[in-house]
Amino acid sequence: MTEQGREAEGYDFQTIQDRWLPVWDELKPFEVTDEVSDRPKKYVLDMFPYPSGDLHMGHAEAFCFGDVLARYWRGQGYDVLHPIGWDSFGLPAENAAIKRGVDPRDWTYSNIDQQKASFRLYAPSFDWSRVLHTSDPEYYKWNQWIFLKMYEKGLAYRKASWVNWDPVDQTVLANEQVLADGTSERSGAIVVKKKLTQWYFRITDYADRLLDDLDQLEGRWPAKVLNMQRNWIGRSRGAEVEFQIEGRDESVPVFTTRPDTLHGATFMVVAPDSDLAAELVEDASDEVREAFQSYLAQAQKQTEIERQSSEREKTGVFLNRFAINPVNGERIQVWAADYVLADYGHGAIMAVPAHDQRDLDFALKFDLPVQVVVDVRDEDGAALENPAVSGVATSGAGVMINSGELDGLGKTEAIAKAIEVLEARGTGRKTTTYRLRDWLISRQRYWGTPIPILHNENGDMRPVDEASLPVELPSSEGLDLKPKGSSPLGAATEWSTVTDEATGETWKRDPDTMDTFVDSSWYYLRFMASNDPTQPFDPAAAKKWGPIDQYVGGVEHAILHLLYSRFITKVMNDLGYVDFDEPFMDMLNQGMVLLDGAKMSKSKGNLVEFASELSAHGADALRVTLAFAGPPEDDIDWADVSVQGSAKFLARAWRIADDIEHSGANAAADFATGDQGLRCATHHLLADAPSLIESYKFNVVVARLMEQVNVTRKAIDSGCGVGDPAVRESAEAVSLILSLFAPYAAEDMWAKLGHEPTVALQTWPTADPALLVENEVTLVVQVDKKVRDRLTLPASVTEAEAEAAALASAAVQAAIGDREIVKVVVRVPKIVSIVTKPAS
């Protein structure tokens, strides 16, 4: 029998899984209490899954990494909260249920059962006593409670506005749910604009805090995620300038980051889908109104991305109205053009064509004035060609010209002076705007949290009494759930009609449901009281566990979910429910699992099924493969990995415990004897593993485990004896660290070594500093930048000794030959570099 065959003999992952699953079920080793203890705490959380089917390879990767960290911190002596739940409301489940003609509840909870069974087999160290499902009334009751608290604080409000409309799913979308190409992240349909009355959370009230507090997450969140958050919030500082439009009593505020260029504003542009544009054509001629309505219909067919594209030819309609430039009194035309968006500022801009390319393109198309007000020069100091002639706007910094009291000033001084002039005249003020818009939370679908607001026939609103929560979803029986533009709940007459017992007045429930990002914005808090019907979370438990120390999940949630969670956390902090205002202190984003370089897809036939891999190779081999494949943030191509290789390594590690005397665990003193080389290797592993794990270098730790197994096997096979305490010490260290990646094999090893379960709760031993001292070093010798030899020398070697040893090397002498040595550079304990030249 080959060595590999001998080591694999007896190793059967199925038998080992069957042995330990029921033991762990009985012991419940990962349940923790909310009581304060002397042990430090770690709250490790994985972004909870959506129950669209069974777990997939992306889940396998993400939950592997989160579990490695949770198990590691337990080994370092921490109380670790590592819970699991399901993000179980939402459109995918509802659409899947409609397609199959089943109740969304049945579809959702059957998928949860399936995923739960797969999780159990995969063996993540969850506290199963805290499971939650966001579609349970016991959970969404507290969604409604949060809504009411927001409503009381003035942070939840209802208004009519242009919204993003998904024509396939027939529901509105938040700005964050529209992809860069203008399509819905849900259905993939081109998103259109539609005017509706909807519910919003006033997240813009927190824009500065959401932006500024990112500074405390530097170095703890991926830089890419921090930049995405900053860009989405998009703070811009400048001035709000009041433009008077002839025939209109109220002035129009226009935001600009360059108030210094006001003398160059030669026309005004309003968004065709803005309320202002509609108002300006109310009294216009039939010809102007017809032209505007035709243009508006055309603009509404375009996505925001298309409208703002610099490649598109500019289009627009003159509204036959004029505004007054507030700094020079000039009369300027007012146009409607689709390159301006209704939700940017007040839906109107001042156009400075000489110094903005989009404005210049528009001005040249419609023969509008171009006035240069910034003298921009090239590297040689020559003035740039007039944009009206060149067709290229001059957007760089320069000296102000043609700008009255601003002439001669540089950009920074001119902006400050312009704001000072505006404020003195009462025609403008210093201000800040944001790209961020309030969070639109209404959804016109069934499978979500009912909004706890009542309406009467007079248009009045009132919140549902807190004591009446939850407002439960009615049964879907008899309701048409197919997307049709209005919520199915409006047709649930008995459910929607509420009679006030005191007054006899009839009220109607709000027919919309909440965006499911509300559910996930605070779920981490619910884990602190998941079984408590009296409160959404326990403030004392939140004080113990919060905030989350380690969050693990995909970068696709870098904007929506993380931004909303940060917002809700800050609101809860302001209301006094939690004593922290950032929810996630450290963030790990895993890469994707690909196949042959492409994203896996059932429809494309390139799918690797989690269930089949689990069945074929076992949980341990799957977990080791994912951890060993590369840095967690990198994509993994399943075609390039070897699950079979991981299984062989596990069999080799597992076999070590069989080759040790099973007389029970040795006393610590016993470890002072035995193979000192093996002991040094063991303690180097114990010393290095923590920093590697904390820096997410899981693949390096697995590689080091493989090395340790090899040196331990060599020690055993060399005849040092299965009773050598150094061998046992190494086997125990392997078992402890291996338990992060392969809990079944590690538990089996631990038991063979004479210990009670479970290895996952054992505190790691501390490396002995005396065994970390290197007795020997490897010195690299180069001749003319080429490595010619590697010498093993005492760690105490001096420069002179190192040089002498290098020059005495036969390989080095052969490389030098009859050449003349010019210089010898010695850097102990790493390198000796010899430089030569031809002999003279």
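Numbering of the sequence shown is given in full-length UniProt numbering, commencing with residue 1 and proceeding in unit increments.
Virtual Cβ for every residue (Gly too), placed ideally from N, Cα, C.
Item	Value
Of the listed residues A97, F65, A60 and T134, nearest to D519 (C-alpha basis)	T134
Beta bridge counterpart(s) of T497 as assigned by DSSP	K508
Cα-Cα separation, S809 to T792	12 Å
Pairwise C-alpha distance: A393 and E385	9 Å
First and last residue of the uninterrupted alpha helix (DSSP H) at F63	M57 to G75
Nearest neighbour of K141, chosen from P769, K314, R566 and P533 [CA to CA]	P533
Contact test: W654 Cβ vs the ligand NAP heavy atom, cutoff 7 Å	Of the ligands one can find in the structure shown there are none, so the ligand NAP has no counterpart to examine.
Q535 versus Y434: straight-line alpha-carbon distance, rounded	35 Å
The segment 485-503 touching the segment 425-439, judged by at least three CB pairs closer than 8 Å	no
Range covered by the beta strand (DSSP E) that runs through N699	Not the beta strand (DSSP E): N699 falls in the alpha helix (DSSP H), residues F698 to D717.
Opening and closing residue of the beta strand (DSSP E) in which H561 lies	Not the beta strand (DSSP E): H561 falls in the alpha helix (DSSP H), residues L560 to D574.
Residue closest to V624, alpha-carbon to alpha-carbon, out of F741, Q590 and S612	F741
Bridge partner(s) assigned by DSSP for S161	L196
Beta-carbon spacing of E242, F322 below 8 Å	no
Buried or exposed by the 16-neighbour rule on C-beta atoms within 10 Å, applied to R462	exposed
Distance between L588 and S612 (C-alpha atoms, nearest Å)	27 Å
Burial state of P272 (16 or more Cβ within 10 Å)	buried
Residue environment, R425, which counts as buried when at least 16 other CB atoms sit within 10 Å	exposed
Which of helix, strand or coil DSSP assigns to L779	strand
Spatial distance of L779 from V825 (CA atoms)	13 Å
Closer than 8 Å to chain D by CB, A277	The question asks about chain D, but that chain is absent: this structure has only one protein chain.
The segment 278-296 touching the segment 319-338, judged by at least three CB pairs closer than 8 Å	yes
CA-to-CA distance, V32 to F13, given in whole angstroms	29 Å
C-beta atoms of D375 and I401 nearer than 8 Å	yes
Option in T758, L173, G504 and W128 with minimal Cα separation from M528	W128
Residue ranges of each beta strand (DSSP E) within the segment 377-454, 3 or longer	428-434
Neighbourhood of I568 by C-beta, 6 Å cutoff - its chain only, sequence neighbours within 5 removed	S521 and W522
Stretch-stretch touch, CB-based, cutoff 8 Å, three pairs: the segment 56-67 with the segment 23-41	no
Bridge partner(s) assigned by DSSP for F255	E240
When V352, Y11 and L55 are compared against P257, the one with the closest alpha-carbon	According to the sequence displayed, residue 257 carries Thr and not Pro. The option with the nearest alpha carbon to T257 is V352.
Cβ distance (whole Å) where G188 is taken to contact E306 below 8 Å	Not quite, the Cβ-Cβ distance comes to about 16 Å (not below 8 Å), so this is no contact.
Cutoff 6 Å; reference G75; Cβ partners in own chain excluding five residues on either side	W764
Closest by C-alpha distance to A731, when choosing among W654, A672, T15 and A795	W654
Which of helix, strand or coil DSSP assigns to R220	coil
Extent of the continuous alpha helix (DSSP H) run through N143	P137 to E152
Three or more C-beta pairs below 8 Å linking the segment 439-448 and the segment 168-178	yes
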